[in-house]
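Accompanying notes for the structure given below.
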Amino acid sequence: MSTPPALRTLSAVLVVGDVARAIGFYVEMLGCIECFRVGDPPHYAAVEREALVLSLMPASRAPAALGQAHLHVMVTGLDDLHAEIAGRGVAIEVKPTDFDYGLREFSLRDPDGNRITFGEEVPL
1 MSTPPALRTL
11 SAVLVVGDVA
21 RAIGFYVEML
31 GCIECFRVGD
41 PPHYAAVERE
51 ALVLSLMPAS
61 RAPAALGQAH
71 LHVMVTGLDD
81 LHAEIAGRGV
91 AIEVKPTDFD
101 YGLREFSLRD
111 PDGNRITFGE
121 EVPL
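Numbering of the sequence shown is given in UniProt numbering, commencing with residue 1 and proceeding in unit increments.
In structure tokens form, the structure reads like this:
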């Protein structure tokens, strides 16, 4: 009997202005690890942190516009994650806030303008 298909990971592709700079932001400021980079200077790379996997592609090679992505990442320990990221000097666009749709969220933008929102379920 064969193993049924399973979805394992969603990897978003972000369009960035400078792949090396983007790697630095995601590793140094958001605590990701670098999975790989291609080229010198890099023209493609990937970073990850737990279930979050991001591929980084320069605008010159991408079909989408720079800074147009909005990622929503569900987490546990949202306030601790906020403190960690803010403590690294990342500008927080929306501070941790409880919303009427049952999530507590905060948002930031990467150096290319891509918005990243972190959310955690809270009781309604």
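Glycine included, each C-beta is placed from N, C-alpha and C at the ideal position.
Because the structure is a prediction, the values reported are computed rather than measured.
Next on the checklist: Can you tell me whether Leu78 is helix, strand or coil according to DSSP?
Outcome noted: helix
Next on the checklist: Once DSSP output is grouped into helix, strand and coil, what is the label at Val107?
Outcome noted: According to the sequence shown, residue 107 is Ser rather than Val. In this structure, Ser107 counts as strand in the three-state DSSP scheme.
Item to check | Within 8 Å, strictly: CB atoms of Ala46 and Ser60 | outcome: no
Checklist entry - Apart from the five residues just before and just after Glu120, which ones in its own chain have a Cβ nearer than 6 Å to its Cβ? => result Val75, Leu78 and Arg104
Next on the checklist: Please give me, in chain order, every unbroken run of the beta strand (DSSP E) with length at least 3 that falls completely inside the UniProt domain "VOC" (8–121).
Outcome noted: 11–16, 33–38, 44–49, 52–58, 70–74, 92–98, 103–109 and 115–121
Next on the checklist: Between Arg88, Pro41 and Val73, which has its C-alpha nearest Arg49's C-alpha?
Outcome noted: Val73
Checklist entry - Between Asn114 and Ala51, is the Cβ-Cβ spacing less than 8 Å? => result no
Next on the checklist: Restricting to Cα atoms, I'd like to know which of Ala83, Val53 and Asp112 is closest to Thr9.
Outcome noted: Val53
Item to check | Contact belief for Gly17 with Leu66 at Cβ below 8 Å, rounded distance in angstroms | outcome: 6 Å
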